[in-house]
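Read through the structure below, which is laid out as C-alpha cells, and then see the notes.
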Amino acid sequence: MDIVVFGAGSLGSLVGGLLAREHAVTLVGRDPHVAAVRESGLRVSGEYDFTVAPEATTDGTDLDADLAVVTVKAFDTEDAAETLATGRIDAVLSLQNGMGNEETLARPLDCPVLAGTATYGAVRREPGAVECTGRGEVVLGPREGGTSETADGAGRALAAAGIETTVADDMPRRLWEKLAVNAGINATTALARVENGALLDGPAREVAGDAARETARVARAEGVELGESEAVRAVERVAEATAANTSSMRQDVQAGRRTEVEAINGYVFSCARERGVSVPVNRTLTKLLRAWERERPQD
Ligand SMILES: NC(=O)C1=CN([C@@H]2O[C@H](COP(=O)(O)OP(=O)(O)OC[C@H]3O[C@@H](n4cnc5c(N)ncnc54)[C@H](OP(=O)(O)O)[C@@H]3O)[C@@H](O)[C@H]2O)C=CC1
Ligand SMILES: CC(C)(CO)C(=O)C(=O)O
1 MDIVVFGAGS
11 LGSLVGGLLA
21 REHAVTLVGR
31 DPHVAAVRES
41 GLRVSGEYDF
51 TVAPEATTDG
61 TDLDADLAVV
71 TVKAFDTEDA
81 AETLATGRID
91 AVLSLQNGMG
101 NEETLARPLD
111 CPVLAGTATY
121 GAVRREPGAV
131 ECTGRGEVVL
141 GPREGGTSET
151 ADGAGRALAA
161 AGIETTVADD
171 MPRRLWEKLA
181 VNAGINATTA
191 LARVENGALL
201 DGPAREVAGD
211 AARETARVAR
221 AEGVELGESE
231 AVRAVERVAE
241 ATAANTSSMR
251 QDVQAGRRTE
261 VEAINGYVFS
271 CARERGVSVP
281 VNRTLTKLLR
291 AWERERPQD
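Under the UniProt record's numbering, the first residue of the sequence shown is numbered 1, with each subsequent residue one higher.
If you want it as C-alpha cells, here you go:
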C-alpha cells in the first residue's frame, strides 16, 4: 500500500518506521528530522532495532495515498486535514489522543475517516531516529462504530507490518475509554510533575480516578455505555502498565510546549456543560492548564 504518515514526530515516526518494513511510506514532518531521514534513513531503536528508508517531506500538499495515518497533536488536526484535502487520499486513520479529531478530519476530506487509538510508547530523541519505549497495540475502526471494508483493509495493512492491531466495531466507546484514561492521567501527572505510577497509590490517585469517573458520566450523557468503575479501572491498568512513563502532557509542560488539554479534559468540560453534567475535577484541571498555557513563552 501507499501510506502517508502525517506528523512524523514521536508516534508518527515509530508507526511510519514499522509500516515502511512492508509498505511504501511517505513521512510528512519537519526539518531537521525530515532531512536526516532523507539523508540516512529512519532508525528505530528501543523495543526494536532496524533502519528503514521511507520517503520524507515537509510538504504534505498534493499527495496520493491509499491511506493517511494522522499523528499530529490534536491542535494541529485542522491544518493537517486541510493539507491532506489538497491530495488524493483514499482513507484516513487518526491515531491521536483526545476527542474530536475524526470530526475535524472529516470536514474537508472526501474519504472515509477511521478512528484509532495507539498504546505504543514513542520518543523522538534526535533527527532521523525514534525510540520505541513500549510495545502496545493499535485499535481502529469506523469512527461511528460498526464495520467497514476500509477499516478491515487498514487493519490488515498495519498487521502485515507487524503492528499489533485490533479492528473494533465499538470505536465510540473505546475512544471515550481512552479519553477517560488521558483525562485521569495526563493533566494530573503534568500538574503534580509525577510519573504515571504515582497515581496508583499516591495523593493524586483520587484526582485521576475522579476525572475518569466524570468522563464516564459525560460519555453516558452522550449515549456511550462506559461505566464509572470501568473508567477508573482503565486508568489504574494504564498507570500500572506505564508506571515509569512521563505522560505526554507532563513532557509538554516540562518542555514549555502547548498541551492537548483542550482535546482531553477541556473536551470533557465542554461536553459536560452542554449536557448539564457536573465535572468539577476536569473543570479544575482544564483551567489550571489553561492558566499555565497563557503564561508560557510562545513558540
Ligand atoms: N508519543 C507517543 O508515545 C504517543 C502519542 N500519542 C498521540 O499521538 C499524537 C502525536 O503525538 P507525538 O508523536 O508525541 O507528538 P509530536 O509532537 O512528537 O509529533 C507531531 C509532529 O507532527 C509535526 N507536524 C504538525 N503539523 C505538521 C504539518 N502541517 N506538517 C508537517 N509536520 C507537522 C510536528 O511538528 P511541530 O511540533 O514542529 O509542529 C511534530 O513533529 C498526539 O495526539 C499524542 O497524544 C498517542 C499514543 C502514544
Ligand atoms: C497512556 C498515556 C497516559 C501514557 O503515558 C498517554 O497516552 C500519554 O502520555 O499521552
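Every residue gets a Cβ at the ideal spot worked out from N, C-alpha and C, and that includes glycine.
*asked:* Measuring CB atoms only, is the stretch 7-27 touching the stretch 114-127, in the sense that at least three cross pairs come out at less than 8 Å?
replied: Flag = yes, the stretch 7-27 and the stretch 114-127 touch.
*Take the Cβ of residue 59 as the centre, count every other Cβ of all protein chains shown within 10 Å, and call the residue buried at 16 or more, exposed below.*
Here residue 59 refers to the residue found at position 59 of the sequence shown. It counts as exposed.
*Relative to ligand 1, is the shortest distance from any of its heavy atoms to the C-beta of residue 28 smaller than 7 Å?*
Your numbering for residue 28 matches position 28 in the sequence shown. Checking the Cβ of residue 28 against ligand 1 gives yes.
*How long is the line joining the alpha carbons of residue 24 and residue 168, rounded to whole angstroms?*
Indexing the sequence shown from 1 puts residue 24 at position 24. Indexing the sequence shown from 1 puts residue 168 at position 168. Looking at the two C-alpha atoms, the distance is approximately 25 Å.
*Does the Cβ of residue 237 have 16 or more other Cβ atoms within 10 Å, making it buried, or fewer, making it exposed?*
Position 237 of the sequence shown, counting from 1, holds the residue named residue 237. Exposed is the call here.
*residue 6 classed as buried or exposed, judged by whether at least 16 other C-beta atoms fall within 10 angstroms*: As a position in the sequence shown, residue 6 is number 6, starting the count at 1. With a 10 Å radius around the Cβ and a threshold of 16 neighbouring Cβ atoms, residue 6 comes out buried.
*asked:* I need the straight-line Cα distance from residue 109 to residue 83, nearest angstrom please.
replied: Walking along the sequence shown from the start, residue 109 turns up at place 109. Walking along the sequence shown from the start, residue 83 turns up at place 83. C-alpha separation (whole angstroms): 10 Å.
*Between residue 219 and residue 227, what straight-line distance do the alpha-carbon atoms span, to the nearest angstrom?*
Position 219 of the sequence shown, counting from 1, holds the residue named residue 219. Position 227 of the sequence shown, counting from 1, holds the residue named residue 227. The straight-line gap from Cα to Cα measures roughly 9 Å.
*asked:* Classify residue 50: buried if its beta carbon has 16 or more other beta carbons within 10 angstroms, exposed otherwise.
replied: The residue labelled residue 50 in the question sits at position 50 within the sequence shown. Per the 10 Å Cβ criterion, exposed.
*Taking only runs that begin and end inside the stretch 108-139, name each unbroken beta strand (DSSP E) of 3 or more residues, in chain order.*
113-118, 121-126, 129-134
_Looking only at its chain, what residues have a beta carbon closer than 7 Å to the beta carbon of residue 213, apart from the 5 residues adjacent to it on each side?_
Residue mapping note: residue 213 aligns to position 213 of the sequence shown, counting from 1. Excluding residues within five positions, the ones whose Cβ falls inside 7 Å are 228, 231, 232.
*Along the chain, which unbroken stretches of the alpha helix (DSSP H) at least 4 residues long are found entirely within the UniProt domain "Ketopantoate reductase C-terminal" (173-291)?*
205-221, 228-241, 248-254, 265-275
_Span separating the alpha-carbon of residue 137 from that of residue 182_ = For the purposes of this step, residue 137 is identified with residue 137 of the sequence shown, where counting begins at 1. For the purposes of this step, residue 182 is identified with residue 182 of the sequence shown, where counting begins at 1. Cα to Cα, residue 137 sits roughly 16 Å from residue 182.
*Reduced DSSP secondary structure (H/G/I, E/B, other) of residue 148*: Here residue 148 corresponds to residue number 148 of the sequence shown, with the count starting at 1. DSSP places residue 148 in coil when its eight states are reduced to three.
_For residue 27: DSSP bridge partner residues_ = Here residue 27 corresponds to residue number 27 of the sequence shown, with the count starting at 1. Note: residue 27 is bridge-paired with 5, 56 in the DSSP secondary-structure output.
*Check the DSSP bridge columns for residue 88 and list the partner residues they point to.*
Sequence index remark: in the sequence shown, residue 88 carries index 88 (1-based). For residue 88, which the question treats as bridged, DSSP gives the partners 64.
*asked:* Using a 10 Å radius around the Cβ and a threshold of 16 neighbouring Cβ atoms, would you call residue 273 buried or exposed?
replied: Mapped onto the sequence shown, residue 273 falls at position 273. That one is exposed.
_Segment limits, alpha helix (DSSP H) that includes residue 167_ = If you number the sequence shown from 1, residue 167 lands on position 167. For residue 167, there is no enclosing alpha helix (DSSP H); the residue is part of the beta strand (DSSP E) that begins and ends at 165-167.
*For residue 75, which residues does DSSP report across the bridge?*
Locating residue 75 in the sequence shown gives position 75, counting from the first residue. Under the DSSP definition of a beta bridge, residue 75 lacks any partner.
_Can you tell me where the alpha helix (DSSP H) holding residue 42 begins and where it ends?_
For this step, residue 42 is matched to residue 42 along the sequence shown. It is not in any alpha helix (DSSP H) - residue 42 instead sits in the beta strand (DSSP E) that spans 42-46.
*Where does residue 95 fall in DSSP's three states?*
Within the sequence shown, residue 95 is the residue found at index 95, counting from 1. If DSSP states are grouped into helix, strand and coil, residue 95 belongs with coil.
*How is the alpha helix (DSSP H) around residue 106 delimited, first residue to last?*
Start at 1 with the first residue of the sequence shown, and residue 106 comes out as number 106. That run of the alpha helix (DSSP H) goes 101-106.
_Is residue 45 close to ligand 4? I mean its beta-carbon at under 7 Å from any heavy atom of the ligand._
The model depicted lacks ligand 4 and carries ligand 1 and ligand 2 instead.
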